[in-house]
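Here is the structure we will look at.
2 protein chains.
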Amino acid sequence: MADADKTRQALLEAAYEEIYRNGFQAASLNTILERTGVTKGALYHHFSSKQKLGYAVIDEIISQKLDREWLTPIQQPGHPIDVMIGVIQLAGQQITGQQIDQGCPLNNLAQEMSPIDPGFRQRIDHLYRKWQESIEKILRDGQQAGTVKPSINPADAALFILASLEGCMGIAKNAQSIDELKRCAQGLFGYLESLRC
Amino acid sequence: MADADKTRQALLEAAYEEIYRNGFQAASLNTILERTGVTKGALYHHFSSKQKLGYAVIDEIISQKLDREWLTPIQQPGHPIDVMIGVIQLAGQQITGQQIDQGCPLNNLAQEMSPIDPGFRQRIDHLYRKWQESIEKILRDGQQAGTVKPSINPADAALFILASLEGCMGIAKNAQSIDELKRCAQGLFGYLESLRC
DNA sequence: GTGTACATACCAACCAGTATGTATGTCCTC
DNA sequence: GAGGACATACATACTGGTTGGTATGTACAC
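Line order of the protein sequences matches chains A and B. Each number in the numbering used here corresponds to the 1-based position in the first sequence with 13 added. Each number in the numbering used here corresponds to the 1-based position in the second sequence with 13 added.
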């Protein structure tokens, strides 16, 4: 049974890579099978369709990535604005040239799949909502602690911060330029500073 | 020869629709042919490959759309911040539910194609650059006229405005919600106001 | 008679998905 | 504890459909 779990996990990780590289629709099951050494029978034993495999990649791989890289670090103590800038800058430092070119895995799937598959759309929406709420929460906490302007609406600001973040990554992805990402992030930092009390 | 031009134009417009709906890779040439009533021989007479057809859609259809909906309106006289907010609000009013769901045609192609096809990437980059420069120009003019803060860097601010705009549309696309687009745009307007002198 | 603007028929490659077979483990019965 | 019954976890081979692309033919204009 441990072997079956390992097979399933290998499929999920290879599927994530293949989808990240080519998008979901252009992702080839045969390529995933070649990369893992798993056979088609095994794949369809674990996932009843390509669609279900894609759903599982969001629910298990991408969801974990979001947790690890955003939701958890954002909860550290400190001034909300400083914490957010710190988390964004850390992510920016760790990013590779390849990752810049390939963009945000969640946003890639959102732009490709949300108009054509409600199952994808809902799953992505769920993750975006968690992401947004994590920002909203620390803004609200900051308002109570007197470190964030009380005049702003935390939910609306969180939405805009999330959108700008994805926008910056999208622009930098097309420009294939870490420098452009950092220039763009400076604009976001300027906005974040304007929320400071 | 007028007939040939009409055939070519019909192909470009149908290709634009098909690509807008499904993305470039999933766009079907056969569907484009069905919609236009043109035959495959005619298509390959005008475009030597699917790739070249895609390039032409960017260079001719999407480029014109950008001109008509952004570059031209943004040049109207007035306070730069007011002009930009006006143009964005007008676009927001004219948008349909279907357009919300399908997002920005240029950003869709950027996210899908930039990592896997340099020809697409360069063409999209060219349009993004024009877009950004149009914003940069009115900010710079505003600085000279004393209506925009002299402390900001117009090029960096323009980059962030463009990124936020695309980010807002991307988030609203996945949420399939005009309301979310407007809430997100409010955040952008807040940032724009902070540039005012 | 030569180039333009198509039309028709076809092709190999690839796609997701399936039908069938099998090795292995587990559980229950006697 | 031997043995049949059943489920799990695959492996192999195949299918029908679709894809972008091409080879060949033709009508017409200059």
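Yeah, the Cβ is synthetic: ideal placement off N, Cα and C, and Gly gets one too. Since we're looking at a predicted model, the values are computed, not measured.
Item: Rounded separation between B:Tyr29 and A:Gln199 - CA only; Value: 35 Å
Item: Paired residues, beta bridge with B:Arg136 - DSSP; Value: None; B:Arg136 has no bridge partner.
Item: Residue-chain proximity (A:Leu175, chain B), Cβ-Cβ < 8 Å; Value: yes
Item: Anticipated Cβ contact below 8 Å, B:Asn121 with B:Gly36, distance rounded; Value: 7 Å
Item: A:Tyr33 versus B:Cys210 - alpha carbon distance; Value: 43 Å
Item: Any C-beta of chain B under 8 Å from that of A:Leu172; Value: yes
Item: Closest by C-alpha distance to B:Lys65, when choosing among B:Arg48, B:Ile101, B:Phe133; Value: B:Phe133
Item: Sequence-distant residues of the same chain with beta carbon closer than 7 Å to A:Cys197, five excluded per side; Value: Cys181, Ile184, Ala185
Item: Span separating the alpha-carbon of B:Glu230 from that of A:Met97; Value: Since the first residue of chain B shown is 14 and the last is 210, residue 230 of chain B is not available in this structure.
Item: CB contact below 8 Å: B:Gln89 versus chain A; Value: no
Item: Distance between B:Gly203 and A:Arg153 (C-alpha atoms, nearest Å); Value: 18 Å
Item: Min CB distance A:Glu125 to chain B below 8 Å; Value: yes
Item: Cutoff 8 Å: A:Leu205 Cβ touching any chain B Cβ; Value: no
Item: Any non-hydrogen atom of the ligand ATP within 7 Å of A:Leu201 CB; Value: This structure simply doesn't include the ligand ATP, nor any ligand for that matter.
Item: As assigned by DSSP and simplified to three states, the class of A:Val51; Value: coil
Item: Cut-off 6 Å between Cβ atoms - residues of its own chain near A:Ile148, not counting five sequence neighbours on either side; Value: Ala171, Ile174
Item: Own chain, CB closer than 6 Å to B:His123, minus 5 neighbours either side, in chain order; Value: In the sequence as displayed, the identity of residue 123 of chain B is Ala instead of His. If we look at B:Ala123 and ignore the five residues flanking it on each side, its Cβ neighbours are Ile137.
Item: Outcome for B:Pro131 when other beta-carbon atoms lying within 10 angstroms are tallied against a minimum of 16; Value: exposed
Item: Residue interval of the alpha helix (DSSP H) (run including A:Pro93); Value: 93-107
Item: Own chain, CB closer than 8 Å to A:Leu79, minus 5 neighbours either side, in chain order; Value: Leu119, Leu140, Lys143, Trp144
Item: Residue nearest to A:Ser177 in terms of C-alpha spacing, selected from A:Asp18, A:Asp16, A:Val51, A:Ile101; Value: A:Ile101
Item: Cβ-based neighbour list, A:Ile74, same chain, cut-off 6 Å, excluding 5 preceding and 5 following; Value: Leu25, Tyr29
Item: Chain B contact residues for A:Glu179, given Cβ-Cβ distances below 9 Å; Value: Ala176, Glu179, Gly180, Gly183, Ile184
Item: Nearest candidate by alpha-carbon position, reference A:Cys179, set A:Val161, A:His58, A:Leu194, A:Arg21; Value: The sequence as given places Glu at residue 179 of chain A; Cys does not occur at that position. Nearest of A:Val161, A:His58, A:Leu194, A:Arg21 to A:Glu179, Cα basis: A:Leu194.
Item: 8 Å contact criterion, which B:Gln189 and B:Ile87 should meet: CB distance rounded; Value: Contact doesn't hold; Cβ gap of about 28 Å is too wide.
Item: Inter-residue Cα distance where the pair is B:Ala27 and A:Ser127; Value: 22 Å
Item: Per-residue contacts from A:Tyr141 into chain B (C-beta, under 9 Å); Value: Ile184, Asn187, Ala188
Item: Beta-carbon contacts of A:Gly155 that lie in its chain and below 6 Å, excluding the five residues immediately before and after; Value: Pro93, Val161
Item: Contact set between B:Ala104 and chain A, taken where Cβ atoms lie within less than 9 Å; Value: Chain A residues near B:Ala104: none, gap ~16 Å exceeds 9 Å.
Item: Contacting residues, own chain, Cβ-Cβ under 8 Å from B:Ile151 (five flanking each side not counted); Value: Ile87, Gln88, Pro93, Val96, Met97
Item: Exposure label - A:Glu31; buried when at least 16 CB within 10 Å; Value: buried
Item: Listed by chain order, chain B residues near A:Pro128 by CB distance under 8 Å; Value: Arg34, Asp114, Gln115, Gly116, Lys186
Item: B:Thr20 to B:Ala55 span [Cα, whole Å]; Value: 8 Å
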